[in-house]
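Novice: Start counting the sequence shown at 5; every next residue gets the next number (UniProt numbering).
The structure follows.
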Amino acid sequence: KDFRNSVKPNWCPGCGDFSVQAAIQRAVANIGIEPHELVVVSGIGCSGRISGYINSYGVHGIHGRALPIAQGVKMANKDLTVIAAGGDGDGFAIGMGHTIHAIRRNIDITYIVMDNHIYGLTKGQTSPRSDFGFKTKSTPKGSIEHSIHAMEMALTAGATFVAQSFSSDLKELTSLIEAGIKHKGFSLINVFSPCVTYNKVNTYDWFKENLKKLDDIEGYDPSNRNMAMQVLMENHGLVTGLIYQNKEQKSYQELVHGYSEKPLVYADLKISEEKFNELVKEFM
Ligand code: SF4
Numbered sequence: 005k006d007f008r009n010s011v012k013p014n015w016c017p018g019c020g021d022f023s024v025q026a027a028i029q030r031a032v033a034n035i036g037i038e039p040h041e042l043v044v045v046s047g048i049g050c051s052g053r054i055s056g057y058i059n060s061y062g063v064h065g066i067h068g069r070a071l072p073i074a075q076g077v078k079m080a081n082k083d084l085t086v087i088a089a090g091g092d093g094d095g096f097a098i099g100m101g102h103t104i105h106a107i108r109r110n111i112d113i114t115y116i117v118m119d120n121h122i123y124g125l126t127k128g129q130t131s132p133r134s135d136f137g138f139k140t141k142s143t144p145k146g147s148i149e150h151s152i153h154a155m156e157m158a159l160t161a162g163a164t165f166v167a168q169s170f171s172s173d174l175k176e177l178t179s180l181i182e183a184g185i186k187h188k189g190f191s192l193i194n195v196f197s198p199c200v201t202y203n204k205v206n207t208y209d210w211f212k213e214n215l216k217k218l219d220d221i222e223g224y225d226p227s228n229r230n231m232a233m234q235v236l237m238e239n240h241g242l243v244t245g246l247i248y249q250n251k252e253q254k255s256y257q258e259l260v261h262g263y264s265e266k267p268l269v270y271a272d273l274k275i276s277e278e279k280f281n282e283l284v285k286e287f288m
């Protein structure tokens, strides 16, 4: 299966998003998904272009709204593998409300955030993941806001799969995306994906120096939510690997009362006029 298409990405050479694209393509091929069984929904930003660079169905949505679209697609056709993707501004600023509610809903989709700590498409402004003191055009004297603790927030919101990776580590990133897709529920994968053009602080070298692999922490248990929270806090969120997974909690689809065995797009939803009038009366 070939998930490459003929569209040439117009990301800057060296942008971390290239690895995310490659990792998604490898992960879905490894799982054995066919291109027509995959939908990639993206928001707005440099990373939002990713939906056009993968040989699958793709929706390039609007800013911060990849998740509502992706959830709608999954509810309409549960047989599809649905990946939502976007940047940290898209998911943790304008789209944060959707992110939290998609997490707690535990709908069976995978959300990949390309986290470069900056707004790249608009030429370099401070984002919700920028560090305190970070200087950009929008904060020339340094940001006076603290970075959002995205992974801790996800755990608090009731996430059942939380992982983090780095664009330089294609092997780990691919395997986490595979695990996220296989997870029966909402999976959030935050990827440190450097913006080589506008972020001169959080570079590949900076991440290499500062990231710690969870696999190297003796006794780390990703099924232990308290441990996950403690390790995140102790390491300022700069860890990579599977942070937390709850395999027991049912997904949204499994809990929807009367959810059709068949994907809704194929179900016969016609109702009689009598039944329709009955339903209307209930709302009057
Ligand atoms: Fe990537 Fe930054 Fe270039 Fe956008 S501006 S394509 S995020 S390197």
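From the three backbone atoms N, C-alpha and C, an ideal C-beta is built for every residue, glycine too.
It should be emphasised that the depicted structure is a prediction, and the values quoted were computed from it without experimental measurement.
Alpha carbon to alpha carbon, what distance is there between Lys127 and Ser142?
Specialist: Between Ser142 and Lys127, the C-alpha separation is close to 10 Å.
Novice: Any heavy atom of the ligand SF4 closer than 7 Å to the CB of Leu11?
Specialist: It should be noted that the sequence gives Val, not Leu, for residue 11. False, no ligand heavy atom lies under 7 Å from that Cβ.
Novice: Over the uninterrupted beta strand (DSSP E) stretch that includes Val45, give me the two end residues.
Specialist: Per DSSP, Val45 belongs to the beta strand (DSSP E) from Leu42 to Ser46.
Novice: Are the region 88 to 104 and the region 65 to 76 in contact at 8 Å, needing three or more beta carbon pairs?
Specialist: They touch, by the three-pair rule.
Novice: Give the secondary structure of Asp119 by DSSP, where H, G and I count as helix, E and B as strand, and everything else as coil.
Specialist: Three-state DSSP puts Asp119 in a strand.
Novice: Which value, in whole angstroms, describes the spacing of the CA atoms of Met233 and Ser10?
Specialist: About 42 Å.
Novice: Around the Cβ of Phe287, are there at least 16 other Cβ atoms within 10 angstroms (buried) or fewer (exposed)?
Specialist: Result: exposed.
Novice: With distances taken from CA atoms, which of Asn81, His67 and Val235 is nearest Gly99?
Specialist: If we check each option's Cα against that of Gly99, His67 comes out closest.
Novice: Just checking, does the region 45 to 54 make contact with the region 12 to 20 on the three C-beta pairs under 8 Å criterion?
Specialist: The region 45 to 54, when compared against the region 12 to 20, does touch it at the 8 Å Cβ threshold.
Novice: Closer than 5 Å between the C-beta and any heavy atom of the ligand SF4: which residues qualify, listed along the chain?
Specialist: Counting every residue whose Cβ lies closer than 5 Å to a heavy atom of the ligand SF4, we get Trp15, Cys16, Cys19, Cys50, Gly124, Cys199, Val200 and Thr201.
Novice: If you follow the beta strand (DSSP E) that Asn194 is part of, which residue opens it and which one closes it?
Specialist: Taken as a continuous stretch (DSSP letters only), the beta strand (DSSP E) holding Asn194 covers Ser191 to Phe196.
Novice: Take the Cβ of Glu176 as the centre, count every other Cβ of all protein chains shown within 10 Å, and call the residue buried at 16 or more, exposed below.
Specialist: Flag for Glu176 reads buried.
Novice: Rounded to the nearest angstrom, what separates Ile122 and Ala154 at their Cα positions?
Specialist: Between Ile122 and Ala154, the C-alpha separation is close to 15 Å.
Novice: Hey, is the region 211 to 220 in contact with the region 162 to 175, meaning 3+ C-beta pairs nearer than 8 Å?
Specialist: Yes, the region 211 to 220 is in contact with the region 162 to 175.
Novice: According to DSSP, is His102 part of a helix, a strand, or is it coil?
Specialist: The answer is helix: DSSP assigns His102 an H, G or I state.
Novice: Can you check whether the CB of Ile111 is closer than 8 Å to the CB of Gln253?
Specialist: No, the pair does not count as a contact, with Cβ atoms beyond the cut-off.
Novice: How is the beta strand (DSSP E) around Gln249 delimited, first residue to last?
Specialist: Per DSSP, Gln249 belongs to the beta strand (DSSP E) from Val243 to Gln249.
Novice: Thr85 lies in the beta strand (DSSP E); which residues open and close that run?
Specialist: Its beta strand (DSSP E) spans residues Thr85 to Gly91.
Novice: I'd like to know whether the C-beta atoms of Val260 and Gln168 end up nearer to each other than 8 Å.
Specialist: Not in contact: Val260 and Gln168 (Cβ atoms no closer than 8 Å).
Novice: If we ignore side chains and look at the alpha-carbon of each, how far apart do Leu192 and Asn203 end up?
Specialist: Straight-line Cα distance between these residues: approximately 24 Å.
Novice: At the level of alpha carbons, what is the spacing between Ala271 and Ala80?
Specialist: Cα-Cα distance, rounded: 10 Å.
Novice: Have a look at Phe196, Val166 and Ser197 and flag the residue whose alpha-carbon is nearest the alpha-carbon of Glu182.
Specialist: Closest option to Glu182, Cα to Cα, is Val166.
Novice: Measuring alpha carbon to alpha carbon, tell me which of Gly146, Ala158, Leu268 and Gly36 ends up nearest Tyr115.
Specialist: Here the closest residue by C-alpha is Ala158.
Novice: If we count the other Cβ atoms within 10 Å of its Cβ and call it buried at 16 or more, is Leu246 buried or exposed?
Specialist: Leu246 should be labelled buried.
Novice: Just reading off the beta strand (DSSP E) that Ser169 is part of, what are its end residues?
Specialist: First-last of the beta strand (DSSP E) with Ser169: Phe165 to Phe170.
Novice: Could you give the distance in angstroms between the alpha-carbon of Pro226 and the alpha-carbon of Thr164?
Specialist: The straight-line gap from Cα to Cα measures roughly 11 Å.
Novice: Using DSSP bridges, identify the partner residues of residue 2.
Specialist: Residue coverage of the chain in this structure runs from 5 to 288, which leaves residue 2 outside it and unanswerable.
Novice: Using CA coordinates, which residue listed in Ser147, Phe138, Ala26 and Arg108 is at the minimum distance from Gly162?
Specialist: The shortest C-alpha separation from Gly162 is found at Arg108.
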